[in-house]
Every structure is written in structure tokens, then in C-alpha cells.
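Data block below; observations after.
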Amino acid sequence: MHHDTALRTMADHAIAYGQTGLCAGTTVLTLDGEMPVEHLSPGDRIVTRDSGMSVLVGVSCVEVEVAPIRIAAGSLGHTRPDRDMLLPPGTRIHIRDWRAEALFGTATATVPAHRLADGEFVAQQPARNMHLYTLAFDRAHIVYADGLEVATN
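Position in the sequence shown counted from 1, then plus 3, gives you my numbering.
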């Protein structure tokens with residue numbers, strides 16, 4: 004590999020790991036039921052792990068090239084996620100099972116999706132253009148996205 008290409012590939016890889024958000028099509032649990040993230044708007048009442056419910060202040064969307072992490076249905080616990088899903092590598096997942104203790108030495112941990120990759124059930128996928136949505140609240144929360152507990156920032 005040419006030196007410039009190697010540097011560009013490493014830089015692209017580093018940037019990709021920093022990408023966060025929810026991919027289009029991901030469902031978020033609201034007080035009105037599950038809604039695709041792209042249908043959410045300010046004022047929606049989102050179910051959160053830490054406070055029960057929080058009002059959505061804003062939603063932003065960017066289209067970026069990212070190598071997402073695929074998480075197979077049920078691979079992070081019973082029905083977590085409830086279907087195969089994609090997440091940007093930097094999106095933080097809240098775990099509170101044996102993985103937290105085994106991997107991080109704590110009862111719970113909030114970690115970037117790429118840190119849970121095992122190459123089979125949680126695996127990085129080829130880069131592609133994707134719409135990534137960021138949810139804004141009055142403060143950071145943990146929301147339910149496709150059944151997973153996901154940190155908002």
C-alpha cells in the first residue's frame with residue numbers, strides 16, 4: 004500500500020470511530036410507542052432509562068460515510084436489540100450484564116459500539132453513506148433504540 008493511501012485509510016478509520024448517532028430506520032421508544040428516529044420532532048416525549056421520560060428538544064441529521072457496527076438481534080441480551088440493527092461505531096451503548104463486568108470490570112458500562120465488536124454477532128460493516136440522527140435533550144439521557152439502551156451524547 005502506498006504511504007499516502009495508508010495514512011488516509013488510518014485517518015478515515017479514526018474519523019469513522021468518532022461517528023455517533025442513530026441510523027435512519029432505528030426505532031426509538033416514545034410515550035406514543037416506538038417511532039422511527041427520522042419521524043421524531045422537538046416536543047416528542049421520549050422514554051428514558053434515567054428519568055422515565057424526557058421531552059425532545061431537537062433532532063439533527065447528517066449524511067456521512069461511515070463503517071457501521073451491525074448488532075445481531077438478541078446478541079446483547081434477551082431481545083436486545085429486538086432486530087438486527089446498525090449503529091455508528093462511536094455511538095455509546097449502556098450495558099448492564101456479564102459483558103460490563105468481563106470487559107470493563109464494572110456492573111454497568113456505557114461504551115462505544117465498536118468496543119463490543121466480536122466479529123460475529125457485533126461486527127463492523129463496510130463503509131457506506133448513511134443518514135445519522137442526533138437527539139438533543141436538556142441533558143444527556145439513555146434512550147431505548149431498537150430495544151438497546153443508547154446514550155444520547
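Using N, Cα and C, we set each Cβ at its ideal position, and we do this for glycine too.
For clarity, every value in this text was computed on a predicted model and none was experimentally measured.
Residue i - DSSP class collapsed to helix/strand/coil
i	result
Glu123	coil
His117	helix
His97	strand
His134	strand
Phe140	coil
Ala75	coil
Gly28	coil
Length of the line joining the Cα atoms of residue i and residue j
i	j	result
Ile145	Leu43	16 Å
Asp47	Thr155	15 Å
Gly36	Glu123	31 Å
Ile98	Gly28	22 Å
Whole-angstrom C-beta distance between residue j and residue i, which should lie under 8 Å
i	j	result
Pro84	Pro115	That belief does not hold up - the Cβ atoms of Pro84 and Pro115 are roughly 16 Å apart, past 8 Å.
Val58	Leu32	Going by Cβ atoms, the distance from Val58 to Leu32 rounds to 14 Å, so no, they are not a contact pair.
Val153	Arg73	About 15 Å; that fails the 8 Å criterion.
According to DSSP, residues forming a beta bridge with residue i
i	result
Arg83	In the DSSP output, where bridge partners are listed per residue, Arg83 has none listed.
Val58	Arg48
Is the region 52-69 close to the region 130-139, with three or more CB pairs under 8 Å?
yes
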